[in-house]
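Residues 3 to 457 in the working numbering are what the sequence shown spells out, letter by letter.
Backbone N, C-alpha and C fix where the C-beta goes; we use that ideal spot for every residue, glycine too.
Note that this is a predicted model, so its numbers are computed, not measured.
Structure record follows, encoded as structure tokens.
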Amino acid sequence: MPRGRGQEASTLRRVRRYHLTTFGCQMNAHDSERMKGLLESLGYAEAACRDEADLILFNTCTIRGSADERFLGNLGDAKRVKRERPDAIVAVGGCWAQSQKEEVFRAFPFVDVAFGPGEVSRLGEILARERLDAVGAFTFDGAFSGTLPAKRDRPHQAWVQISVGCNSVCSYCIVPAVRGRERSRRPEDVVAEVEALAADGVVEVTLLGQNVNSYGRDLPRAERATFAALLRAVAAVDGVRRVRYTSPHPKDMREDVIAAHAEVPEVCRHIHLPAQSGSTRVLKAMRRTYSRERYLDLAGRLQAAVPDLALTTDLIVGFPGETEDDFADTLSLVREVGYDGAYTFVYSPRPGTEAGDGMADDVPAEVKRERMQRLVEVVQATARARAQRHVGTVQEVLVEGPSRTDPSRRRGRTDHNVTVNFCGTAPAGAFTGVQITSATSTTLAGDQVGAALHA
Ligand code: SAH
Ligand code: SF4
Ligand code: F3S
């Protein structure tokens, strides 16, 4: 049950403009699309800034200490608005809210409403309650926000939630504690949503879950589908030209998923395959359930089965007990796999996790910083070298709009999920060929080839 401090219904009825700030991963970005869709279906309009909003809403993240700090800075601004306009409602949703439970109201008495990531569907109900101070425990019901109306910023691309929660026990990670056990959506519901999106002009879908490739195992036998079967079903929907997904867990990457990549043209030649570390000893302490050798074997099989596959990853430096040798294993993993890119994180102990509560955060901050710097250098050098293979080729690009740095140029994305800035006229939502003329570690540049093909 969500819980809030006292607000009379009369106040709530006047609430008509909202301002939403989103932190965290694509799950949260997607939940925010649903929050906006829900609020707008209830008659709320988006305000340009917090000072103009009747409802100040946050969708929070608590994956690392830095995520908490970023949010708390913004919450301070909401406190100021609340002081100036006590009628404004401050609502905090998402993972940080869930991790704080009742503490939210004790530590931040100006917060009116708090709700967990599984309670997006009840946002309207929460706001419509006669009084918000009903006593109740903080829970999540795991409802899929994917069933709610959505307000999408990107007309031709969409996220589609296939599961919520996570059954893994990675020792550093707070996600299972705040997002709950894994629950898969019924395959028919996923496909029906993709069909509706395609009918609305969407050509690229990204399937979302904390562990997408363990999809389906919790469904009743009669309804069960594997992740590979789901990928094929989504790719077969008329109008869908590209299918992506994030994130898979290496332990659940089966042959049938590899085969789907190799055989289904709509399934993009990019996999984000989080490794976390290149040291078997550290991977064991992280409870990732694979060794360095098994990860390398998997990466090799993927690269062999899918020509020109792009691989990206997540890496953590400074996990408790990480030695210089362990770290050297992570550097050599990056070189050996030849990643096209990587997100790199400094380990951050999270209360409520096995590592956060039970292992000393013993790598000195200075050593973490220095290792991070070395890792970023190796990741960038590897990615830059990988990107050079695109120079001189013609890549099919889905156009997203004008270039962010030079509005006279266009911006789009390749099958490999790399951003391309190019000279051309192709409109957003079209596919066009782009001759690649130069490459950095993160972006490509080039010139449009021929006319754009409308999606
Ligand atoms: N479900 C996804 C994403 C999890 S969070 C997955 O399993 O891949 C995204 C990334 O944040 C993780 O892959 C990990 O690299 C990083 N991360 C998670 N907890 C962390 C912590 N306590 N400190 C530093 N990085 C962390
Ligand atoms: Fe966290 Fe591991 Fe689950 Fe990813 S797989 S969300 S890192 S517990
Ligand atoms: Fe953050 Fe929650 Fe995502 S903790 S990374 S918003 S699942």
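- As summarised for the stretch 352-407, the continuous beta strand (DSSP E) elements at least 3 residues long and confined to that stretch are 396-404, given in chain order.
- For the 7 Å CB-CB criterion, E257 and A237 do not form a contact.
- Taking C-beta separations shorter than 7 Å and ignoring five residues to either side along the sequence, the partners of G403 in its chain run R413 and A430, following chain order.
- Taking A227 as the centre and dropping the five residues before and after it, the same chain places the C-beta of P189 and G218 closer than 6 Å to its C-beta, in chain order.
- Boundaries for D316: no alpha helix (DSSP H) harbours it, while the beta strand (DSSP E) harbouring it runs A312 to V319, taken from the DSSP string.
- Along the length of the stretch 139-194, whole alpha helix (DSSP H) runs at least 4 residues long occupy 177-181, reported in chain order.
- Secondary structure of L446 (DSSP, three-state): strand.
- With respect to M288, S173 sits close: the two C-beta atoms are nearer than 7 Å.
- In this structure, V401 lies near A428, with their beta-carbon atoms less than 7 Å apart.
- Inter-segment contact for the stretch 235-254 and the stretch 190-204 is present: three or more beta-carbon pairs are separated by less than 8 Å.
- Comparing alpha carbon positions, the residue from N76, E127 and P119 closest to V113 is N76.
- In this structure, C63 has its beta carbon at no less than 6 Å from each heavy atom of ligand 2.
- Between the alpha carbons of F433 and E398 lies a gap of roughly 7 Å.
- Per DSSP, R271 lies in no alpha helix (DSSP H) and is assigned neither H nor E.
- Note that the C-beta distance between T355 and I176 is below 7 Å.
- Between the stretch 73-88 and the stretch 32-47 there are fewer than three inter-stretch CB-CB distances shorter than 8 Å, so the stretches are not counted as touching.
- Burial state of D331 is buried, judged by a 10 Å Cβ sphere holding 16 or more other Cβ atoms.
- Within the same chain, Cβ atoms closer than 6 Å to the Cβ of Q437 are found at V396, G448, D449 and V451, the five residues on either side in sequence being excluded.
- Collapsing the DSSP output to three states places E86 in a helix.
- Around G39, the same chain offers L150, P151, A152 and K153 as residues with beta carbons nearer than 7 Å, after the five sequence neighbours per side are excluded.
- Counting along the chain, L41 sits inside the alpha helix (DSSP H) bounded by residues Q28 to S43.
- For I438, the secondary structure class from DSSP, reduced to helix, strand or coil, is strand.
- Look at the beta carbons and you see the stretch 342-361 not touching the stretch 300-309: under three pairs across the two are nearer than 8 Å.
- Going by beta carbons, P322 and D364 fall inside the 7 Å limit.
- Assigned with DSSP and collapsed to three states, Q305 falls in helix.
- Ranking L125, H274, A453 and A179 by CA distance to the CA of Q102 puts A179 first.
- Counting along the chain, no alpha helix (DSSP H) covers T228, and no H or E run does either.
- Our two residues, A90 and G67, have alpha carbons roughly 28 Å apart in a direct line.
- In the three-state scheme derived from DSSP, where H, G and I count as helix and E and B as strand, I260 is classed as helix.
- Under DSSP, N423 forms a beta bridge with R413 and A447.
- Taking A383 as the centre and dropping the five residues before and after it, the same chain places no C-beta closer than 6 Å to its C-beta.
- Counting only beta-carbon distances shorter than 6 Å to the non-hydrogen atoms of ligand 2, the qualifying residues in chain order are C168, S170, C172, C175, V177, P178, Q212, N213 and H251.
- Between the C-alpha atoms of E127 and G120 there is a straight-line separation of about 14 Å.
- A direct Cα-to-Cα measurement between Q278 and I318 gives close to 5 Å.
- Residue environment: C97 is assigned as buried (16 or more neighbouring CB atoms within 10 Å of its CB, all protein chains considered).
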